[in-house]
Amino acid sequence: MTVECAEGQPGQRAGRREWGALGVLVLPVLLISIDNTVLGFAVPHLSEGLAPSGPQLLWIVDIYSFMLAGLLVTMGTLGDRIGRRRLLLAGAAGFGIASALAAYASSPEMLIAARALLGFAGATLMPSTLSLLRNIFLDQRQRTTAIAVWATMFSVGSALGPVVGGWLLEHYWWGSVFLLNLPVMAVFLVLAPTLVPESKDPNPGRYDLVSAGLSLVAMISAVYGMKSLASHGLGAAGVASLSAGVLLGVLFVRRQRTLDAPLLDIKLFSNRGFSVSVITNMLTMIAFIGALFFITQYLQIVLGLSPMRAAFVLVPGLTLAIFTGLFVVRLMRRGGIGPLLLGALLGVAAGYALMTQLPDTSNRGVWLLAVGFTLVGAGVGAANTITNNTIMSAVGPSKAGAASAISETAYEVGAAMGTAILGTIVTAVYASGLAGVPGISAAGMDEARQTLGGALNVAADVGETAGTALMREAGAAFTSAVHVTSLIGAILVAFAAVQAFLVLRRPVRIRAGAEEPTSSGGRGRA
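For the sequence shown, position 226 matches number 226 in the UniProt record's numbering, and the numbering has no gaps at all.
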């Protein structure tokens, strides 16, 4: 069955088949969110097993998000043209293959390449799932609930990831965490052809390959430039890459304005609810993913918790995100998107502020981190539901792929920059704060300053006395780096809260998808 994205009739409501399709479409979301959390917990084990350098470790973590960010707009628009379900099925198969390659990577370079392939395949998943929901659920109230469930799956996956991943890391090698993807993809590939209807833009126009190339190169250049500047300071390579990305981005936007069938409809940003929600998504994810990068290392290496115990510290916050993501739907129906986002994001900022007080040796750190991350999880869960619903309700069904691609691009750019910027700040502050330790050679100290996992390896090699002293100093240096980074995260999220409230405090025009015409002239009643 193929849905050609014509506007439905007012009151057209989803039935059992449509809700079954929702259950299938959340599986890729669940999988990707599990991957994000599991990888964070696997960082110490990766450091020990593959011995990557500091830059290699950051590339292992963020190359996935870089590829996603560069390809989401292209893939979202491609799905509008060739069929979203068709693209989704191809991407799911590719994601499973790339997961197997990552699981059995034998070097940092091989794992980086496998993660890049995961990003390429993953770029087909997220915009396709959200745009399909936009076309399956034409009733505004049902669509709000469906998008809330979709957004909540990020939290469900994040809650399951640490528990399942922690158990795997205690019993198997680090590569086992990637094998989690295979059974989920298998179930999806069996059920999706039966339950999920095909949909596409009936009048997509010509696909512009030049725009696709500009989008990819501009995004990767800009993100790499920001990463380079964050890692190495003001250098020629970082400035050149960022400048090239900005220039190509400007050319991309100018080209879209001249095309009859643009790859990206720039007019979408004229809706203030759409544009501010996209920005809020990006800023929130910078802080959230950046925090996960250092929290898992703090719990396992500084405080010495096992992967399972560390996972359970985060589970309350990740679980609460599930409930806030669904509960906020009821509040949204009463209006006031701006105040809701303000409250949610200020809660996130308060959680990060608590993390600036974490100790480096006391069990008090476990409880303080649990409370802080609970605030973070609750706020992020609510914010994701609000922003994603606002984004998808601002467009008609025929442009759902493009809108969801923009939303996911902001999400993945934020995730990439969270690791690149905040992760780099953690690494830089940690390295500068780790002084020489008696009994450790200069070469050993250089390795210890690369990553906290590197310090753990050196400590294991040099013996108990010097090793204990090194880990004590490394733990103190890393905790200080967490304090600095958490303060930056708190400020960033507080800024996101204020800008969202100021723009969205007035009522936002929400397109009642099935009842209103699309910006491209779709049929329907206003």
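Backbone N, C-alpha and C fix where the C-beta goes; we use that ideal spot for every residue, glycine too. Please read these numbers as outputs of a predicted model, since none were measured by experiment.
Check: If you check the beta carbons only, do V380 and V348 fall under 8 Å apart?; Outcome: yes
Check: Assess contact between the segment 282-293 and the segment 472-492, defined as three or more Cβ pairs (one per stretch) separated by less than 8 Å. Is contact present?; Outcome: yes
Check: Taking the C-alpha atoms as reference points, what is the distance between G273 and M126?; Outcome: 21 Å
Check: Quick check on Y224: does DSSP put it in helix, strand or coil?; Outcome: helix
Check: How about E170 and R85: do their beta carbons lie closer than 8 Å?; Outcome: no
Check: Tell me whether R84 sits in a helix, a strand or coil according to DSSP, three-state version.; Outcome: helix
Check: For chain C, find out if any of its Cβ atoms is closer than 8 Å to the Cβ of I60; answer yes or no.; Outcome: The structure shown contains no chain C; it holds only a single protein chain.
Check: The alpha helix (DSSP H) that contains D461, what's its start and end?; Outcome: L452 to V462
Check: State yes or no: is the C-beta of I147 within less than 8 Å of the C-beta of A21?; Outcome: no
Check: Between R16 and L189, what straight-line distance do the alpha-carbon atoms span, to the nearest angstrom?; Outcome: 20 Å
Check: Could you check the C-alpha separation between N203 and H45 for me, to the nearest Å?; Outcome: 50 Å
Check: For a test of the three-state rule: what should DSSP assign to residue 529, helix, strand or coil?; Outcome: In the structure displayed, the chain extends from 1 to 526; residue 529 sits before or after that span and is not available.
Check: Can you list, in chain order, the residues of its chain whose CB lies under 8 Å from that of G175, leaving out five sequence neighbours each side?; Outcome: A102, A103, Y104 and A105
Check: From F327 to T385, what distance separates their C-alpha atoms?; Outcome: 10 Å
Check: Assuming T152 contacts S277 (C-beta within less than 8 Å), just tell me the rounded distance between them.; Outcome: With 8 Å as the limit, T152 and S277 do not qualify as a contact, their Cβ atoms being about 17 Å apart.
Check: Could you say which of V217, M471, W367 and A98 lies nearest to F66 if we only look at CA atoms?; Outcome: V217
Check: Is the beta carbon of I440 closer than 8 Å to that of V429?; Outcome: no
Check: Since residue 544 contacts G304 with CB under 8 Å, what's their CB separation in whole angstroms?; Outcome: Residue 544 lies beyond the stretch modelled for the chain, which goes from 1 to 526, so this question has no answer here.
Check: Enumerate in chain order the residues of its own chain whose CB-to-CB distance from G377 is below 6 Å, with the five nearest sequence positions on each side excluded.; Outcome: G317, L318, L320 and A321
Check: Kindly give me the distance between the Cβ atoms of A481 and L470, rounded to whole angstroms, as I take these residues to be in contact under 8 Å.; Outcome: Contact flag wrong, Cβ pair sits at about 16 Å.
Check: If you measure between the beta carbons of R505 and G343, is that distance less than 8 Å?; Outcome: no
Check: With DSSP run on the structure shown, which of helix, strand or coil describes L263?; Outcome: coil
Check: On the criterion of 16 or more Cβ atoms from any shown chain inside 10 Å, does P262 qualify as buried, or is it exposed?; Outcome: buried
Check: Here's the rule: buried if 16 or more other CB atoms are within 10 angstroms of the residue's CB, otherwise exposed. What is G448?; Outcome: Note on identity: in this sequence residue 448 is Ala, with Gly being the wrong assignment. By the neighbour-count rule (16 or more Cβ atoms within 10 Å), A448 is buried.
Check: According to the Cβ coordinates, are L31 and G157 closer than 8 Å?; Outcome: yes
Check: Taking just the CA atoms, how far does S393 sit from F501?; Outcome: 19 Å
Check: On the criterion of 16 or more Cβ atoms from any shown chain inside 10 Å, does T144 qualify as buried, or is it exposed?; Outcome: buried
Check: Is the beta carbon of G317 within less than 7 Å of some heavy atom of the ligand MN?; Outcome: Ligands displayed in this structure: none; no statement on the ligand MN is therefore possible.
Check: By alpha-carbon positions, which one of E464, F323, W367 and L354 ends up nearest to V484?; Outcome: L354
Check: Going by C-alpha to C-alpha distance, which of T479, A121 and I60 sits closest to A113?; Outcome: I60
Check: In angstroms, rounded to a whole number, what distance separates the CA positions of M445 and E48?; Outcome: 16 Å
Check: Output yes or no for whether 8 Å exceeds the beta carbon distance between A370 and V313.; Outcome: yes
Check: Quick check on the DSSP output: the alpha helix (DSSP H) that includes F269 runs from which residue to which?; Outcome: Run containing F269: none; DSSP gives neither H nor E here.
Check: Tell me which same chain residues have a C-beta within less than 6 Å of the C-beta of P108, skipping the five on either side of it?; Outcome: L50, P52 and Q56
Check: Take G325 and list the residues in its own chain whose beta-carbon comes closer than 7 Å to its own, dropping the five residues that flank it on each side.; Outcome: A148, A151, T152, S155, G381, A382, N384 and T385
Check: So, helix, strand or coil for G8, using DSSP?; Outcome: Confidence is the limiting factor: at G8 the pLDDT is only 41, short of 50, which leaves the residue's position unreliable, though a coordinate-based value still follows. Three-state result, G8: coil.
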